[in-house]
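Undergrad: As given, the protein sequences belong to chains L, Z and X, one line each in that order. For the first sequence, the residue numbers in the numbering used here are 476 to 687. For the second sequence, the residue numbers in the numbering used here are 26 to 239. For the third sequence, the residue numbers in the numbering used here are 345 to 536. Note that the Cβ used here is the ideal one computed from N, Cα and C, for glycine as well.
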Amino acid sequence: MSQDNGPSPWTVLAAGLWRENPIFALVIGLCPTMAVTNTVTNALVMGVATLVVLVGSSTLVSALRKVTPGPVRITIYIIIIATFVSAVDWALAALLPAAHKQLGAFISLIVVNCIILGRAEAFAARNAVWPAVLDALGMSLGFTLAMLMISAPREILGSGTLLGHPLFGPRFEPWVIMVLPPGGFLTMATELAILAWWRQRLAARRAPAEAT
Amino acid sequence: MSGPEPTSAKLVGTLTLAGLLSGLVLVGVFQATKPLIAANRAAAMQAAVTRVVPGAVQAASYERVGDKVQPSKVEVGAASDKPMAYAGLDKDGRVLGFAIPAEGPGFMDTIRLLYGYVPGKGTVIGMEVLDSRETPGLGDKIIKDADFVGNFKQLDSKPEIVGKKKGTKSKPNEIDFITGATISSKAVVKILNGSTAQWAQPLTTAAPPAGGKP
Amino acid sequence: MDDLVWIFANASVINNFTLAYFLGLCPFFGVTNRIETAFRLGLANLFVLVITSLSATLLDRYVLVHAPYLQLISYIVVIAGTVQFVEMAIKKLSPALFRALGIFLPLITTNCAILGLALFQSSKGYGLVQGLVYATGAGAGLTLAMVIMAGLREEIELAPISKLLRGVALNFFVAGVLSLAFMGFAGLFAKG
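1) Does the contact criterion of 3 or more C-beta pairs under 8 Å hold for the stretch 361-371 of chain X versus the stretch 422-437 of chain X?
2) Taking only beta-carbon atoms, is L:A607 less than 9 Å away from chain Z?
3) Would you say X:Y413 reaches chain Z, if we count a Cβ-Cβ gap shorter than 9 Å as a contact?
4) Does any residue of chain X have a CB that is nearer than 9 Å to the CB of L:V650?
5) If you follow the alpha helix (DSSP H) that Z:A84 is in, where does it begin and where does it stop?
6) Which value, in whole angstroms, describes the spacing of the CA atoms of Z:T230 and X:F361?
7) Classify L:H715: buried if its beta carbon has 16 or more other beta carbons within 10 angstroms, exposed otherwise.
8) Just reading off the beta strand (DSSP E) that Z:G122 is part of, what are its end residues?
9) Within 10 angstroms of the Cβ of L:L638, are there 16 or more other Cβ atoms? Answer buried if so, exposed if not.
10) Can you look up L:Q577 in the DSSP assignment and give me helix, strand or coil?
11) What is the DSSP secondary structure of Z:Q95, counted as helix, strand or coil?
12) With a threshold of 8 Å, are at least 3 pairs of Cβ atoms found where one atom belongs to the stretch 137-150 of chain Z and the other to the stretch 74-88 of chain Z?
13) For a contact defined as C-beta to C-beta under 8 Å, what are the partners of Z:D170 on chain X?
14) Looking at the C-beta of L:M513, does it have a partner C-beta in chain X at a distance below 9 Å?
15) Is DSSP giving Z:E100 helix, strand or coil here?
16) Can the beta-carbon of X:G471 be found less than 9 Å from the beta-carbon of X:T401?
17) Can you give me, in chain order, the residues of the stretch 45-62 of chain Z that have a beta carbon less than 7 Å from any beta carbon in chain L?
18) Z:E159 to Z:V174, Cα distance in whole Å?
19) Taking X:V491 as the reference, which of X:V518, X:L476, X:A479 and X:L398 has the closest Cα?
20) If we ignore side chains and look at the alpha-carbon of each, how far apart do L:A490 and Z:A64 end up?
21) According to DSSP, Z:E153 sits in a beta bridge with which residue or residues?
22) Spell out the partners DSSP gives Z:E199 in its beta bridges.
23) Please say whether L:I582 and L:D564 have beta carbons closer to each other than 9 Å?
24) Check whether the stretch 649-667 of chain L touches the stretch 515-534 of chain X, counting contact only when three or more Cβ pairs, one atom from each stretch, lie closer than 8 Å.
25) By how many angstroms is the C-alpha of L:A600 removed from the C-alpha of L:S477?
26) Where do the N-terminal and C-terminal ends of the beta strand (DSSP E) with X:Y406 fall, by residue?
27) Mapping DSSP to helix, strand and coil, what is L:G633?
28) Using a C-beta to C-beta distance shorter than 7 Å, which residues of chain X count as neighbours of L:M660?
29) Which residues in chain Z have a C-beta closer than 9 Å to the C-beta of X:N359? List them in chain order.
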């Protein structure tokens, strides 16, 4: 991906969304994914916060890639990322105190989300600013998409609501376990298994086609 | 990342520059958001105080030093290294009661709550859970269950608060537990008993806030 | 004293860092193939957690009271620095211990459990002793979770399970069941 006439912008953006989805394909950046997906609102706020940090830090890392000395590059990336995360943390506390209270320390923990440092090192540091921004956008949208896919079943089944609006009548008995930590693991496990089945089916369908 | 190996001086220089720039950005954003964050926190605590001390319209900070309670300069809701309480004041500045934050082990994690208290009489006049991770649908009834929260509107804390099975309370110092959330209910009672024991005596020494009437 | 017992129990089993807060999932899924490795990595984590707790307390007390905006950056830098320093010290002082922990130490720097501990400890307002107990509890909890996970995975290797489920999905199912089991510790110290 490091050639000058690299892949088209759309490919870069789409890679993060699905084929190289950080959660479902690469299985990284799990801590926030599991911890804040008990409601869709939390997942959305977390997704937007990650998007801001990832796009911001990727842009800077890419813009500075020619003047960043190799031996200290990781330290510089971490300084850049931590600066963005601190800023986002305070901005949330100032503007959306309720959401900030819900997410608590997990906003600060974006710093150690492997997706951010991983994209800085693997993509932004080797590409021009424009592709780096697209890559960051794709990755963070993919991350948000994955978190929505996990949080939606958890909130719907676990509290009987979606974005806080009740979905079922009063006779619905919520599956409380879904909004508790085990529900996070079990939802993720189920979705990973469904994806594995889906990929296997696709592969099986493609194999005979290629043989002929 | 290519070319000759950079010198140490250049490395140190780059890092220092990065640190300086990041420091500048941080200080800027911090200073810009700080007043808003403090205002949010103060507003949240002010509102909670007016809910647990019925009739109060504003709050004033107090801190406990040894066995004395004195007015504090720390803003309402801000962190302090001393135990804090907030006087609930009516519109003339009279102290109607104290809102005291307290915490202790709950079913899942630490429960933080705020309760309204009238010193001297030793009456609890309101209770609100500020922060808890109790089980949704069961333990979190300590926040949502109107009957349970209603227990704390006029509750004698002397000699101590006693919890009873739902529907069997008979004395002014007894409360009804929540069916299905006994442990969380017990936790709340334990936190209140522990906290009132610490505050009851010192609070009687509290002077009225500056400019207010006793 | 009660307080310290609660802090320890809370950090280790009631709200296990991995199974309830989802911190440190990378090593939890990544290096739990064998009990032996899991146990050693757990101990290395415990060690780094205790040191982090100490440095975070010192930072809170002497630096961050004057410059609160440096919290995140200073935690990260100090954690990375301490881990590197400890690594060098162990290499010099005890080559045997270094061989046992060595390769895992750099991995730990990027473990969210470590930064999580520093942040939680400071937001809960723990002092020096409380912080150390909290860190020990968290480390013990991480080790326990990883060793149990490794034990289960060693057994599962031999079980006849559909190929579809093998791998990541199965690990998450096992983790979910473990997390469920650990919920049984809830209410441990709440009975008055």
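TA: This is what the structure gives:
1) no
2) no
3) yes
4) As written in the sequence, residue 650 of chain L is Trp, which differs from the Val given in the question. By this cut-off, L:W650 is not an interface position.
5) Note, Z:A84: premise wrong, no alpha helix (DSSP H); beta strand (DSSP E) at Q83 to V90.
6) 43 Å
7) With chain L represented from 476 up to 687, any question about residue 715 of chain L goes unanswered, as that position is not in the structure.
8) V120 to P130
9) exposed
10) helix
11) strand
12) yes
13) What Z:D170 touches in chain X: nothing, since even the nearest Cβ is about 17 Å away.
14) Just to set this straight, residue 513 of chain L is Asn in the shown sequence, not Met. With 9 Å as the cut-off, L:N513 does not count as an interface residue toward chain X.
15) coil
16) yes
17) S47, V50, L51, V54, F55, T58, L61 and I62
18) 15 Å
19) X:V518
20) 43 Å
21) Z:L139
22) Z:V187
23) yes
24) yes
25) Confidence in L:S477 is poor, its pLDDT being 43 and thus under 50, which makes the residue's placement unreliable; the coordinate value appears in the next sentence. Answer to the nearest angstrom: the Cα atoms are 10 Å apart.
26) Premise fails: X:Y406 is in no beta strand (DSSP E) and is neither H nor E.
27) helix
28) Per the sequence presented here, residue 660 of chain L reads as Phe, with Met not at that position. Result: F516, A519, G520 and S523.
29) M133, D134 and R158
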